[in-house]
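FYI, the numbering for the sequence shown is 14 to 256, going by our numbering.
All remarks here apply to the structure that follows.
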Amino acid sequence: MPPQVSLVLSCEHGGMELPPWFPRPASQRFNKLLKSHQSYDKGAFELAKILAQVLKCPLLAHTYSRLVIDCNRREGHPDLFGKFIVGYPSKTTLPKAIHIHRAYRTKLSKALDSCLPPLGPENFTPIHLSIHSFTPIYKGKRRETDVGILYDPKRPQEALLALKFKRAFIQKFPGLRVQFNKPYRGTDEGVAVWARENWGKGSKRFTALEWEFNQGTVVRWSAKRKKLLAGVFKEVFSAEFGL
Ligand SMILES: [Zn+2]
14 MPPQVSLVLS CEHGGMELPP WFPRPASQRF NKLLKSHQSY DKGAFELAKI LAQVLKCPLL
74 AHTYSRLVID CNRREGHPDL FGKFIVGYPS KTTLPKAIHI HRAYRTKLSK ALDSCLPPLG
134 PENFTPIHLS IHSFTPIYKG KRRETDVGIL YDPKRPQEAL LALKFKRAFI QKFPGLRVQF
194 NKPYRGTDEG VAVWARENWG KGSKRFTALE WEFNQGTVVR WSAKRKKLLA GVFKEVFSAE
254 FGL
């Protein structure tokens with residue numbers, strides 16, 4: 014039986030929308046912050062849409078700003094809520110933010126349940142890709158990564174696939190700085206970690222990769238070049254799983 018793959022894409026920091034109940038401060042500082050990398054991952058949703066189109070797979074996206082709630086953090090995490098709503102004098106604000114978070118995680122759970130059966134046959138590989146972007150300069154230092162592939166080093170299937178992606182990207186785009194587990198570690202808090210805990214325990218083949226794209230390089234590419242990038246994803250999945 015030929016190998017098979019089932020893909021789900023997600024994008025947790027896809028937009029800077031604010032719900033109507035949000036206690037939006039009328040200040041220039043807030044407006045600047047809303048448009049910054051602290052609010053959302055610039056260009057990540059656009060890139061995720063191109064990938065979903067090329068790979069013909071479902072895409073779940075959260076488009077409320079991280080200043081409201083961070084859907085890449087689980088409930089109880091100290092950075093779950095945006096700093097502007099913590100301490101806001103309303104008993105309903107935090108529960109409303111939690112409601113947004115739960116609705117997103119429930120949708121993502123359903124997508125993972127239906128597309129990624131953890132006890133599938135040996136030839137079946139369930140894959141979750143979460144798409145993010147990062148600011149090129151952090152705390153005054155320029156980051157030396159264009160594409161970060163974040164995986165769990167304890168999961169051989171993830172390490173192997175990450176390596177194949179890295180080789181394919183460098184071949185297609187010589188000079189592209191593709192690095193593993195940078196600028197963050199694949200085991201840092203995020204939906205990929207949560208997906209591994211919930212869907213990966215029963216399946217060694219379950220693969221959760223977080224993708225981090227540099228907002229100063231890859232995210233600024235033309236639509237044509239982004240499609241070429243998506244084509245690399247397609248090539249790797251075709252070679253590995255006959256997608
Ligand atoms: Zn992100």
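The C-beta atom is built at its ideal place from N, Cα and C for all residues, glycine as well.
Nothing here was measured: the structure is a model prediction, and the numbers come from that model.
- With fewer than 16 other Cβ atoms from the protein chains shown falling within 10 Å of its own Cβ, Asn-44 counts as exposed.
- Just measuring C-alpha positions, the residue of Gly-199, Phe-97, Arg-156, Leu-20 sitting nearest Lys-69 is Leu-20.
- For Asp-159, the CB stays at least 7 angstroms from every heavy atom of ligand 1.
- Proximity to ligand 1 was defined by a C-beta distance below 5 angstroms to any of its heavy atoms, and the residues meeting it, in sequence along the chain, are His-26, Asp-54, His-145.
- Unbroken beta strand (DSSP E) stretches of 3 residues or longer found wholly inside the segment 121-163: 137-147, 160-163, given in chain order.
- Sixteen is the threshold: since fewer than 16 other Cβ atoms of the shown chains lie within 10 Å of the Cβ of His-112, the residue is exposed.
- Excluding five sequence positions before and after Ala-243, the CB atoms of its chain that fall closer than 6 angstroms to its own CB belong to Ile-63, Leu-64, Val-67, given in chain order.
- One Cα belongs to Gly-203, the other to Phe-147, and the distance between them is close to 14 angstroms.
- When only Cα atoms are considered, Lys-247 and Leu-256 end up about 7 angstroms apart.
- Comparing C-alpha distances from Ile-140 to each of Ile-98, Pro-38, Gln-228, Arg-168 shows the shortest one belongs to Arg-168.
- Taking 8 angstroms as the cut-off, the beta carbon of Thr-76 is found closer than this to the beta carbon of Gly-27.
- If the five residues before and after Ala-205 are omitted, its C-beta is found closer than 6 angstroms to the C-beta atoms of Ser-143, Ala-221, Glu-223, all from its own chain and listed in chain order.
- When Tyr-53, Lys-195, Arg-218, Gln-41 are compared, the shortest CA-CA separation from Phe-137 is found for Arg-218.
- With contacts defined as CB atoms closer than 8 angstroms, Ser-52 and Arg-79 qualify as a contacting pair.
- The beta carbon of Lys-240 sits closer than 8 angstroms to the beta carbons of Ile-63, Val-67 from its chain, once the five residues preceding and following it are set aside; these are given in chain order.
- The criterion of a C-beta distance shorter than 8 angstroms is satisfied by Ile-82 and Ala-110.
- Cβ contact annotation for Lys-195 (same chain, cutoff 7 angstroms, sequence separation greater than five): Thr-158, Gly-161, in chain order.
- Its Cα nearest to that of Met-29, the residue Gly-95 stands out among Glu-88, Leu-72, Gly-95, Gln-184.
- Distance from the CA atom of Trp-212 to the CA atom of Phe-193, rounded to whole angstroms, is 22 angstroms.
- Under a 10 Å Cβ-count criterion, Leu-176 is classified as exposed, with fewer than 16 other Cβ atoms of the shown protein chains found around its own Cβ.
- Within the same chain, Ser-52, Leu-80 come within 8 angstroms of Leu-46 by CB-CB distance, once the 5 residues on both sides are set aside.
- When beta bridges are read from the DSSP output, Tyr-77 appears opposite Glu-30.
- Relative to Val-191, the option among Lys-179, Ala-236, Glu-59 whose CA is nearest is Lys-179.
- Nearest in C-alpha terms to Phe-254, of all of Ala-39, Lys-55, Leu-174, is Leu-174.
- For Asn-227, the enclosing beta strand (DSSP E) starts and ends at 220-227.
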